[in-house]
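Residue numbers (the numbering used here), protein chains in the order written: chain L, 1 to 534; chain W, 1001 to 1424.
A short worksheet on the structure shown next.
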Amino acid sequence: MDKNAYKMLESILGPDNVSRDPGVLDAYTYQWMGEMTGNDVTRFGPFRPACVTLPSTTQEVQSIVRVCNRYGLKFKAQSTGWGLYASPGEERVVQIDLRRMNRLIEINERDMYAVVEPYVIWAQLQVEAMRKGLNCVTIGAGSCTSALANCTSMMGVANNNVSMGYNERNVLGVEWVLPDGEIVRLGSLGSGGGWISGDGPGPSLRGIMRGTLGALGGLGVFTKCAVRLYHWGGPPDLPSKNIVSMDERLLEYPENIRLAAPYFENRINFEEALAKVGEAEIAYAVGLVERGLMTLGLGKENLESVELRKTLLPSLPKHIFVLLLIANSPREMEYQEKVLEQILEQTGGKRFEMVEEPGFRDIITLLLVKGGSAPARGVFSPTGSFSPILCGFFGTRRTLTKAMDDSEEIKKRYVKSGLLADDMGEGGWGPLVIDHGHMEYFENETLFDPNVPESIKALVDLTEETNTSLAEKNLVIPFLSQIKAARSKGLPVHDAIVPYMNSDHRIWQRKFKQAFDPNDAADSCNYIDWEEKS
Amino acid sequence: MALHDYEKSMNYCIRCSHCKWIPLNKIKSKRFSGNCPAVSRYNFHSYSGGGRVALAYSIFLGRTQISSEILETIYRCQLCGSCQVACHLIGEICEPLEIARELRFKCVEDGELLPEHMLMIEGMRKEDNPFGEPKAKRGDWADGLGLKNINNEKADIIFHAGCMFSYDQDLRDVVRGAATLLLQAGLDVGIAGHEEACCGGRAFDVGYRGQMENYADDIIARIKAAGATKLVTPCADCYSAFKQFYPMIRKELDIEILHTTEYFAQLIREGRLRPKDRGSLTVTYHDPCHLGRLGETYVPWEGKWKKVLGQVNIPEPPKQIRRGTGGVYEPPREILRSIPGIKLVEMERIREYSWCCGAGGGVKEAYEDFSEWTARERIEEAKSVGAEALVTTCGWCERNFRDALIDTADDFKIFDITELLMGD
């Protein structure tokens, strides 16, 4: 990169906080799903950053962005930096690693929000909030991911979306360094009114800033945001023994928490019950782990999982979900349980007792409340990589079951080829219900081996075939799945999805990009190209 | 082993960053949620467990050369193993700790050396200890205790003092106390005195593989000649070398290996040791990495990854997944709970996910500021739970904690568990 530009970055950050050593840069080039986008079957993506910077303040971020604008460089920010979205999408990109911006600035108990910088992870925010009787949505990607990135820039769903909503709505005031270096403060923050509101008084750009899926770094850098917190009715801590998730046991199971695991004859009843649970507003968390996926990732080791597939699978029902009830009083718990029983009566649901007993109960409760390492273990350990088909499938009533049926049928064929992990097509995971039922969500985790080219290709082909099938049925196209398929072929991500849509959203999206990023400085590889490519 | 042997392993890091945190469900506060001193201090991803895997793979593939910046990155790491514990909660093929150490073997093979480590190795070659202290004085710590000399007498127990306890005058009470307690319990204990040599673990950790092999051969011969049934050591570093490194290079000791805390706890249970009241004191216990997660016995594996259920990888034959769960955690706590007047309070990062003291992996020798920064982090954690003193059971930890406090006005107390067990 330009020597003067590099010297300026050193001057801004200090020489210890900027590097262009190829070895340091390669640590940022190596990524989960690099195996899909790179030039070979390694996790090194196709583009090594021009340099890596470690700012510690908003002003430093602003200065880096301005240097990039001046010298015709691009920039790509990452917080915890997991996945291909975090790495450069072309040459001459300055990687902004926001790791040093890790302050939990405030937890406002009265107004129920926290103000965080990019490198505060969900697990940190949650433990600090719980001590104050508050809680946040820790997403399925794992509680080691950035709260800010999830709120401002990314999709990410969680089992407790049912009670605390999708984080698109949980982001309040935002501090945002635009691609040209200007700083914008959104919501009440923009009018000097503090962090309490994301939509005013003051500018509300929620739709442009992130929409449903996030601009994934294509519209600048978010340096602070307020995250809405919710009432937490459980204890201030959930101490456990043992570190391996399948061995983990709560020291004491809270009296005001109950886990239920209802199962059903078919998907229609299953979905009916979910909708009713949402409408009744009784659930703290709802979750699905389909039995194919569950048995692949349940063991303490892969060997044990394989054994469990043989021994446990026959006893597991196909249409099952788990839900967690948390009550503020014994009477409330009684009410919640009665409502649940009534819903099960109406939908023919039964309780699967094995999952509700100590052991599974503790593991699943921790999973639903905290996330922990169990989700990542379940999807990564068996084969070394995964990608969800239907990643980003936000459905409405009854579209959920269609997507589940569709993905399962198509996937079964690919599983049969032996190129994916054999989950029998039943790799479903998801919160299922969001916002007490305003949306439904499902994704089908698909496990492939990053070291086997045919396995990677099978994943990409499956993703595309599933999306085409969904489009033919007029169902939502899961955007994040499509991003991966498009990037694996070097295609602009929105070009790959527009044929499936009933309008060309790129026209407006590109106008936003051009208005907010006049010099095309923000790496937009996961967003929209500044101008249409021929 | 060489980087080549980890080729598959190096492509299975999922870049999830679990390697930067203690197990997520164990986090109790933001302040003490990190697990890796290196990335906590230097921030670039290349300093983390996952970053080191990527770096190693890049070097292996010829994408990167070992520059001075990379050499610093490689050696600014205590090899404490906390990254691997966290990583192995998620997967089992990637081995960040072994890969980080393998990078050092490559550095030494390529002649990319740190002067401080060269000095340490020179001391070992001349005097059989990393400090270059006279070999002839190695057994002085035991003067007057009446221990057997295993060079010319048989003994049931070989007491291996280790380099730090043999030479550090500040720790002399600890090592003498430990031997005395064993004698008081009526045990038949011998030492090698000035003939005792370094275990070689420190050399292994900084990349000098061959150096440790020589020491292993020496110790194996000595054990055979002594006819002992147990080897007992107060040094967590040596303990880890015997349990972890020696099997790694296929030099297993044919003897029961015990850390003093394991033996003391057993003797207390049997009523052969009676802890004395040493007055009221609230303490917290620091799990040394080398006794805890790195004290887990290493099980060598030579096998292949096989495919089942489509693309699921399973090892054939079965392979140990190193998560530190087999380390020594309970005996030290058992001892502390048995001492009248002592109140044990736990820190937030304990057992398998304990924060490192900072002294390991050649960091104390080459990057003292980083080493002491790491120790101060731990002392802050100890204070945050209301402890009046931090208790450990590793000479290197104790030395480093004490050093970290030297230039401060802080009178926070550091003890070895043996000192408390001895009473006033």
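All C-beta atoms in this analysis are idealised placements derived from N, C-alpha and C, irrespective of residue type, glycine included.
| query | result |
| --- | --- |
| Chain W within 9 Å of L:Phe-44, Cβ atoms only | yes |
| Members of the region 1141 to 1175 of chain W near chain L, C-beta cut-off 7 Å | none |
| As assigned by DSSP and simplified to three states, the class of L:Leu-134 | strand |
| Span separating the alpha-carbon of L:Gly-128 from that of L:Arg-100 | Going by the sequence as given, residue 128 of chain L is Glu instead of Gly. Answer to the nearest angstrom: the Cα atoms are 19 Å apart. |
| Buried/exposed call for L:Leu-189, threshold 16 Cβ in 10 Å | buried |
| CB contact below 9 Å: L:Ser-455 versus chain W | yes |
| Any C-beta of chain L under 9 Å from that of W:Leu-1055 | yes |
| Interface flag, W:Arg-1333 vs chain L, CB-CB below 9 Å | no |
| Three-state secondary structure assigned by DSSP to W:Arg-1172 | helix |
| Local conformation of L:Thr-212 per DSSP, three classes | coil |
| Residue ranges of each alpha helix (DSSP H) within the region 1009 to 1045 of chain W, 4 or longer | 1037 to 1042 |
| Minimum Cβ-Cβ distance from W:Leu-1344 to chain L less than 9 Å | no |
| Ordered list of alpha helix (DSSP H) runs contained in the region 136 to 185 of chain L, each at least 4 residues | 147 to 152, 161 to 164 and 167 to 170 |
| Contacts that L:Lys-370 makes with chain W (C-beta to C-beta distance below 8 Å) | Leu-1024 and Asn-1025 |
| Residues near W:Lys-1020 by beta carbon distance below 6 Å, same chain, minus five either side | Cys-1036, Val-1039 and Ser-1048 |
| Proximity of L:Ala-521 and L:Pro-499 at Cβ, strictly below 9 Å | no |
| Span separating the alpha-carbon of W:Ile-1350 from that of L:Ser-19 | 34 Å |
| Interface residues of the region 1277 to 1304 of chain W facing chain L [CB-CB below 9 Å] | none |
| The region 123 to 152 of chain L: positions lying closer than 7 Å to chain W by Cβ | Ala-123, Gln-124, Val-127, Glu-128, Gly-142, Ser-143 and Cys-144 |
| Residues that W:Trp-1305 bridges to, as DSSP identifies them | W:Pro-1315 |
| Close-in-space but distant-in-sequence residues of the same chain around L:Pro-375 (CB under 8 Å, 5 per side omitted) | Gly-140, Ala-141, Gly-142, Leu-367 and Trp-429 |
| Close beta carbons around L:Arg-351, own chain, < 7 Å, minus the five adjacent residues each side | Ala-260, Ala-261 and Pro-262 |
| Cut-off 8 Å between Cβ atoms - residues of its own chain near L:Asn-302, not counting five sequence neighbours on either side | Ser-381 and Pro-382 |
| Bridge partner(s) assigned by DSSP for L:Ala-262 | The question names Ala, but residue 262 of chain L is Pro in the sequence shown. Answer by DSSP bridge pairing, in chain order: L:Arg-351. |
| Residue span of the beta strand (DSSP E) that contains L:Cys-51, given as start and end | 51 to 53 |
| Selection of the region 450 to 481 of chain L by Cβ proximity to chain W, strictly under 8 Å | Pro-450, Asn-451, Val-452 and Ser-455 |
| L:Thr-396 versus L:His-438 - alpha carbon distance | 7 Å |
| Minimum length 3: unbroken beta strand (DSSP E) runs contained in the region 309 to 345 of chain L | 322 to 326 |
| Boundaries (first-last residue) of the beta strand (DSSP E) holding W:Val-1232 | 1230 to 1233 |
| Interfacial residues, the region 1005 to 1018 of chain W to chain L, with Cβ spacing under 9 Å | Lys-1008, Met-1010, Asn-1011, Tyr-1012, Cys-1013, Ile-1014, Arg-1015, Cys-1016, Ser-1017 and His-1018 |
| Short Cβ contact (9 Å threshold) for W:Ser-1067 with L:Asp-2 | no |
| Straight-line Cα distance separating L:Gly-23 from W:Arg-1063 | 8 Å |
| Under the three-state DSSP convention, the category L:Trp-429 falls into | strand |
| C-beta contact flag for L:Leu-274 and L:Val-286 at 9 Å | yes |
| Secondary structure of W:Phe-1159, DSSP reduced to three states | strand |
| Cβ of L:Val-120 within 9 Å of any chain W Cβ | yes |
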